[in-house]
């Protein structure tokens, strides 16, 4: 069985927001709506400060809390793990939005455009069906489905891969089938230390954040770690 | 765009959603209280009318909040899983039973009370199922919301009854007991939040939300003996005031719970990315 997963290498992300721009371009989301956004997080106090850029969005959870609360069954989960929204069923109650621990869902009440009036391409791509209903990252499900039909491999072939992954300048985003142990994402995760956000909530998120390799700590660094008096940021 | 690690108050449900919990809770509580307490037929009718109106006003507010009001009937699709769907399924039967009891079949008040209890329980479960909001997902919120609704409803009954009759000892004792239970449930909910990994901002906001609930409960508890012991005129005023503050305390608490204390989960990193020197690990973010 296939289960699509996104790995985010936090060591590589430079916070350039190219994934955000690519997502907006691919999905024509309105201003203020970022299905793929990158958090700029700062930890600690001077001089022990560390910065992390953290791409977030729908985690396509194994047990998505947005799904059982939906009174209309607009939110569904596919066998391949992708969580979808049926815009024709959704009533825009936003119950899913308050149930999501990842703040991944948006509801846009009225049409808005980058410069007030719709530009030509905004007018062309404007979708009334997505107004006043819940929207979120789809893992670019159309690209995946279309690519699979053409015999392509999501995560490997760009045409079958989510736009944010294609656009990442640092290869910080990696997409693939985690059930396939030979897939790119499985291989990467096997040689990395990674976590899932808010795992204690039991949602089983399918974005995995890589923070270190599994390589043993080199001798000089290990010595430094033991003698270091630094405090936790 | 930077959000940082700290939670912020959810912006999806505003006062309109809060009104559903306020009106629904107080209205259902009143329907239950009037069915159990009895009294003159006109008092019963006043309680039924006000109870149904409060539930209806709450539902109208929700209808005004949803993005696609003209497909609101889709809310009935998922009673197998969604507490919001279940609430929607109970609502029309509650209205029908309440209307029947109000206009031509007083015995239906008992059925309306049962349905009101179901409606109130659905509301409590709606909040608790919202995993994204730390203050709501704590299971001890369920008894708090239920007992708050019951106390509000009985408070309104005591308020209305002041215009018909003196305070019945049984009603006074029941209201006093419910208020004590409400205080206990609030304490247990707050303690559970503190014992969990609830962000500090949520705890602070919950403390603020609890103040009117504590104040309303304590003031009402202090007024209830006066309503029993003082001369009739003053006693009626004390009775009405006790009922009013009991109801207001719960209503304001729910308003604050939905609109002010509903901090989301924020973002947290159990580990920071290792670039160069490895650092000690700890969970970062979502602690303030």
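Protein chains in written order, with our numbering: chain A, 5 to 237; chain B, -14 to 273. We put the CB at the ideal spot given by N, CA and C, even for glycine. Everything numeric in this text was worked out from a predicted model, so none of it was measured.
The residues 46, 47, 48 and 237, in chain order, have a CB closer than 8 Å to that of residue 54/A in the same chain once the five nearest residues on each side in sequence are set aside. Under the rule that a run must span 4 or more residues, the alpha helix (DSSP H) segments found entirely inside the region 135 to 183 of chain A read 145 to 153 and 167 to 171. Of all residues in the region 44 to 71 of chain B, only 51, 52, 53, 56, 57, 59, 60, 62, 63, 66, 67, 69 and 70 place a beta-carbon less than 7 Å from a beta-carbon of chain A.
For residue 127/B, the closest C-alpha among the options 42/B, 158/B and 169/B is that of 169/B.
At least one CB atom of chain A sits nearer than 7 Å to the CB of residue 114/B. Here the alpha carbon of residue 142/A sits roughly 8 Å from the alpha carbon of residue 64/A. Between residue 118/B and chain A, the shortest Cβ-Cβ separation is below 7 Å. Ranking 40/B, 30/B, 230/B and 136/B by CA distance to the CA of residue 79/B puts 40/B first. Shown in chain order are the members of the region 237 to 259 of chain B whose Cβ falls below 9 Å from a Cβ of chain A: 247, 249, 250, 251, 252, 253, 254, 255, 256, 257, 258 and 259. Residue 6/A is a Cβ neighbour of residue 183/A, given a cutoff of 7 Å. Under the 10 Å beta carbon count, residue 25/B is surrounded by fewer than 16 other beta carbons and is classified as exposed. The beta carbon of residue 90/B does not come within 7 Å of any beta carbon belonging to chain A, so the residue lies off that interface. When beta bridges are read from the DSSP output, residue 59/A appears opposite 42/A. The alpha-carbon separation between residue 228/B and residue 41/A amounts to approximately 49 Å.
For the region 186 to 199 of chain A, the set of positions with a beta-carbon nearer than 8 Å to some beta-carbon of chain B reads 197 and 199 in chain order. At least one CB atom of chain B sits nearer than 7 Å to the CB of residue 99/A. Along the region 132 to 193 of chain B, the beta strand (DSSP E) does not occur as any fully enclosed run of 3 or more residues. Looking at the DSSP output, residue 211/A bridges to 10/A.
Residue 216/A has a beta carbon lying within less than 7 Å of a beta carbon in chain B.
In chain order, 20 and 22 place their CB closer than 7 Å to the CB of residue 173/A, counting only its own chain and leaving out the 5 sequence neighbours on each side. Residue 155/A and residue 130/A have their C-alpha atoms roughly 30 Å apart. Its Cα nearest to that of residue 214/A, the residue 195/A stands out among 68/A, 37/A, 195/A and 116/A. In the structure shown, residue 33/A adopts coil according to DSSP, grouped into three states.
In this structure, the straight-line span from the alpha carbon of residue 180/A to that of residue 188/B is close to 40 Å.
The continuous beta strand (DSSP E) containing residue 196/A extends over residues 196 to 199. Taking a beta-carbon distance threshold of 7 Å, residue 108/B does not count as an interface residue toward chain A. The region 240 to 247 of chain B makes no contact with the region 202 to 215 of chain B: fewer than 3 CB pairs, one atom from each, lie closer than 8 Å. DSSP, read as helix, strand or coil, puts residue 52/A in strand. Residue 94/B and residue 138/B have their C-alpha atoms spaced approximately 15 Å apart. Contacts with chain B at 7 Å (Cβ-Cβ) do not include residue 11/A. For residue 121/A, the number of other beta carbons within 10 angstroms of its own is below 16, and it is reported as exposed. Remark: three or more beta-carbon pairs, one from each stretch, lie closer than 8 Å, so the region 70 to 77 of chain A and the region 57 to 76 of chain B are flagged as touching. The shortest C-alpha to C-alpha distance from residue 191/B to any of 16/B, 129/B, 210/B and 261/B is the one to 129/B. Contact note: residue 73/B reaches chain A through 75, using a C-beta cutoff of 7 Å and chain order.
Looking at the backbone, the Cα of residue 32/B and that of residue 35/A are separated by about 48 Å. Its chain contains 54 and 57 as the residues whose beta carbon lies nearer than 8 Å to that of residue 48/B, once the 5 sequence neighbours on both sides are disregarded; these appear in chain order.
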